[in-house]
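What follows is a set of notes on a single structure, which appears directly below.
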Amino acid sequence: MYRTHTNGQLRAADINKKVTLAGWVQKTRDKGFMVWVDLRDRYGITQLIFDEERTPTEMMETASQLGREFVIQVTGTVIERESKNSNMPTGDIEILVSEISILNKSLTPPFTIEDETDGGEDLRMKYRYLDIRRKPVRNNLVFRHKVTMAVRNYLSEKEFIEVETPYLIKSTPEGARDFVVPSRMNEGQFYALPQSPQTFKQLLMVGGMDKYFQIVKCFRDEDLRADRQPEFTQIDCEMAFIDQEDILNTFEGLTRHLLKEINGVELGDFPRMQYDDAMRIYGNDKPDIRFGMEFGELNEVAQHKDFGVFNNAELVVGIAVPGGNSYTRKEIDTLIDWVKRPQVGALGMVYSRCNDDGSYKSSVDKFYNQEDLAKWAEVTGAQKGDLICILSGDTTKVRAQLSALRMELAERLGLRKANEFAPLWVVDFPLLELDEETGHYHAMHHPFTSPKPGQLELLDTNPGEVKANAYDLVLNGNEIGGGSIRIHDKKTQAIMLKHLGFSEEEAKAQFGFLMDAFEYGAPPHGGIAFGLDRLVAILGGQETIRDFIAFPKNNSGRDVMIDAPAPLDATQLEELHLKLDL
Ligand code: ASP
0 MYRTHTNGQL
10 RAADINKKVT
20 LAGWVQKTRD
30 KGFMVWVDLR
40 DRYGITQLIF
50 DEERTPTEMM
60 ETASQLGREF
70 VIQVTGTVIE
80 RESKNSNMPT
90 GDIEILVSEI
100 SILNKSLTPP
110 FTIEDETDGG
120 EDLRMKYRYL
130 DIRRKPVRNN
140 LVFRHKVTMA
150 VRNYLSEKEF
160 IEVETPYLIK
170 STPEGARDFV
180 VPSRMNEGQF
190 YALPQSPQTF
200 KQLLMVGGMD
210 KYFQIVKCFR
220 DEDLRADRQP
230 EFTQIDCEMA
240 FIDQEDILNT
250 FEGLTRHLLK
260 EINGVELGDF
270 PRMQYDDAMR
280 IYGNDKPDIR
290 FGMEFGELNE
300 VAQHKDFGVF
310 NNAELVVGIA
320 VPGGNSYTRK
330 EIDTLIDWVK
340 RPQVGALGMV
350 YSRCNDDGSY
360 KSSVDKFYNQ
370 EDLAKWAEVT
380 GAQKGDLICI
390 LSGDTTKVRA
400 QLSALRMELA
410 ERLGLRKANE
420 FAPLWVVDFP
430 LLELDEETGH
440 YHAMHHPFTS
450 PKPGQLELLD
460 TNPGEVKANA
470 YDLVLNGNEI
480 GGGSIRIHDK
490 KTQAIMLKHL
500 GFSEEEAKAQ
510 FGFLMDAFEY
520 GAPPHGGIAF
530 GLDRLVAILG
540 GQETIRDFIA
550 FPKNNSGRDV
560 MIDAPAPLDA
570 TQLEELHLKL
580 DL
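Residue 104 in numbering that gives the first Met the number 0 is what sits at position 105 of the sequence shown, and the numbering runs on without skipping anything.
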């Protein structure tokens, strides 16, 4: 037996036991006549002691030569520690070592394997296997395991079955580019890695599987904006013979279960909000509703004075910043600079201070009197002591800008508390979205999403107005899941694809298999997928998903540890019938 106990296990009750432990040397303290070693494994740290009086000389020597991260095995007796450490679960005892063997030596690690390490992100990623030895990373992986187990247990109890679907497939349009894999056996042909198992889970419904889930990798080749990974994990789900209400209830149940199991938080019914309202009130389809600062649309009360900037704007909209009147002029200027950053893109910001005596002082006093400003306060819900921040311009842009400011201010004001959970269903998404650049509509969710009943005809006249049976689950300002009720008849699917710009041939070539399946008794069905990485990060009270992925990629999509992607050698290229043109 390599070990009788783990390094997190022994307590005062074990004193006098003879034990064998194995693990890594966290650190040694060598006083000459006494050597202490902290021995670490996944479960914790146990202190070993070697002392001149009780330990044979040559073992004393071995002990003093141990380096950091050496892998050792020791046998010894559990004894009471003289100076106990109440911060350590094993802090009451230590092991008086009688046998030691060095199982493997280690080079000095390039960063310290401590909770707070001196290693930067790049270095830690290059030696991720060492990083994983650190408690915070290890705990995150254990935490992720707990979440996935809770998901699996909950869903299988509800009669969902986990079915694997293939990775070597052809394009599933989820709005990103595909990663492709050349086929050696089929010259000049390529597989695409799934952006999601969307079409397969629908085919499983046609196959009568009824309630499906899968914890599954998805691959999307997109520019890696903030905290995205080219491969990520979904909890992918689909159900047949259901309507939207069934899906919302089932997966609200799952989310509530997770919050209770993992975070000990009991939540009531999740609120629901129409997409249009979310955009109007928060400028965002994934609003963080842990705090207020709701948008107040000011067109009626701010236009038709002499202020051209507002008069020419499609939308004038503001938020009240609680306590913001205490900001100095300099602080407000910093805010103005913040909204003018290219990432936000506002041209400027108008503000109005709500003084404690009930008067107002705005940056546009030339154009607006106290009565006007009082109306602004009324519309934005501003109280005495608040600051009203106002942006104006094109509706879509200005909403996005003010939403960014709202989140930034909330962050600065400490209103985004990690241990507070505010879920929200956003429902009734538009079916289509206009691509400003190309002038074409594309599916807002994906092409298999069904329009609301009776709205199919609108596609011809007013495509932007058509609403879908599509929903997102939002948690603390993050989209943690999204799905839809699907089209399940060939005719509607064909109409949809036509509106998305597919010719009949293209539609057949790309989605013929699905349309054919719809002709063999496809049941009504719908589903949802949760982004597992993000969900775990939020439940874990952290913002970055990378911390919860064992081997994440960096912002350029590289795995710096194994150094991938990498060139292929000539033989491999030849076998694949590939020529490079770089
Ligand atoms: N396949 C969708 C996605 O990945 C989820 C769904 O509609 O179930 O976002």
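In this text, a Cβ means the ideal position worked out from N, Cα and C, and glycines have one as well.
Roughly how many whole angstroms lie between the Cα atoms of residue i and residue j?
{"i": "V349", "j": "A319", "result": "12 Å"}
{"i": "P109", "j": "D471", "result": "43 Å"}
{"i": "L346", "j": "Q194", "result": "37 Å"}
{"i": "Q382", "j": "G556", "result": "47 Å"}
{"i": "T570", "j": "L577", "result": "10 Å"}
{"i": "V316", "j": "A399", "result": "11 Å"}
{"i": "I544", "j": "A421", "result": "19 Å"}
{"i": "K360", "j": "L372", "result": "8 Å"}
{"i": "M33", "j": "D91", "result": "18 Å"}
{"i": "N311", "j": "M204", "result": "52 Å"}
{"i": "V146", "j": "L538", "result": "9 Å"}
{"i": "M406", "j": "C236", "result": "31 Å"}
{"i": "Q243", "j": "D220", "result": "30 Å"}
{"i": "H524", "j": "M495", "result": "17 Å"}
{"i": "R28", "j": "E158", "result": "55 Å"}
{"i": "S351", "j": "K374", "result": "11 Å"}
{"i": "I168", "j": "P429", "result": "29 Å"}
{"i": "I112", "j": "D336", "result": "40 Å"}
{"i": "K497", "j": "I548", "result": "39 Å"}
{"i": "F366", "j": "E478", "result": "41 Å"}
{"i": "P446", "j": "Y153", "result": "30 Å"}
{"i": "E120", "j": "I261", "result": "28 Å"}
{"i": "R533", "j": "R143", "result": "11 Å"}
Between which residues of its own chain and residue i is the CB-CB distance below 7 Å, once the five residues before and five after are set aside?
{"i": "H4", "result": "V18, L20"}
{"i": "M87", "result": "I44"}
{"i": "P181", "result": "F189, L575, L577"}
{"i": "R582", "result": "Absent from the structure is residue 582, since the part of the chain shown begins at 0 and ends at 581."}
{"i": "K552", "result": "Q228, P229, D558"}
{"i": "T254", "result": "P422, L472"}
{"i": "T171", "result": "P193, Q194, S195, Q197, T198"}
Which residues does DSSP list as the beta-bridge partners of residue i?
{"i": "L472", "result": "W424, G480"}
{"i": "A21", "result": "Q72"}
{"i": "W35", "result": "R28, I48"}
{"i": "E98", "result": "T74"}
{"i": "G128", "result": "The question names Gly, but residue 128 is Tyr in the sequence shown. Y128 is not bridged to any residue."}
{"i": "R176", "result": "D220"}
{"i": "R41", "result": "Its beta-bridge partners do not exist; DSSP assigns none."}
{"i": "I331", "result": "According to DSSP, which records beta bridges pairwise, I331 is partnered with nothing at all."}
{"i": "Q213", "result": "D235"}
{"i": "S391", "result": "V315"}
Considering only their Cβ atoms, is the gap separating residue j from residue i smaller than 8 Å?
{"i": "G323", "j": "L257", "result": "no"}
{"i": "N15", "j": "T76", "result": "yes"}
{"i": "F218", "j": "E161", "result": "no"}
{"i": "M560", "j": "K125", "result": "yes"}
{"i": "K451", "j": "A467", "result": "yes"}
{"i": "I484", "j": "Q492", "result": "no"}
{"i": "F510", "j": "R127", "result": "no"}
{"i": "D40", "j": "N6", "result": "yes"}
{"i": "G392", "j": "E313", "result": "yes"}
{"i": "D37", "j": "K26", "result": "yes"}
{"i": "L423", "j": "F269", "result": "yes"}
{"i": "T107", "j": "R67", "result": "yes"}
{"i": "G582", "j": "H439", "result": "Outside the shown range of the chain, which is 0 to 581, sits residue 582, and nothing can be said about it."}
With a CB to CB cut of under 6 Å and the five nearest residues on each side skipped, what residues in its chain are close to residue i?
{"i": "E98", "result": "T74"}
{"i": "R183", "result": "E574, L575"}
{"i": "M514", "result": "K489, Q492"}
Can you give the beta carbon distance from residue i to residue j, rounded, assuming they're within the 8 Å contact cut?
{"i": "R279", "j": "F294", "result": "7 Å"}
{"i": "N646", "j": "S155", "result": "The requested residue 646 does not occur in the structure, where the chain is confined to residues 0 to 581."}
{"i": "L95", "j": "R53", "result": "6 Å"}
{"i": "A442", "j": "L431", "result": "6 Å"}
{"i": "I527", "j": "G482", "result": "3 Å"}
{"i": "I234", "j": "F529", "result": "4 Å"}
{"i": "M292", "j": "A409", "result": "7 Å"}
At a cut-off of 7 Å, would you count residue i as near ligand 2, judging by its Cβ distance to the nearest heavy atom?
{"i": "H445", "result": "In the structure on display, ligand 2 does not appear, and the ligands it does have are ligand 1."}
Ordered along the chain, which non-local residues of its own chain (more than five positions away) have a Cβ less than 8 Å from that of residue i?
{"i": "I214", "result": "T147, V150, R151, E161, T232, Q233, I234, D235, L531"}
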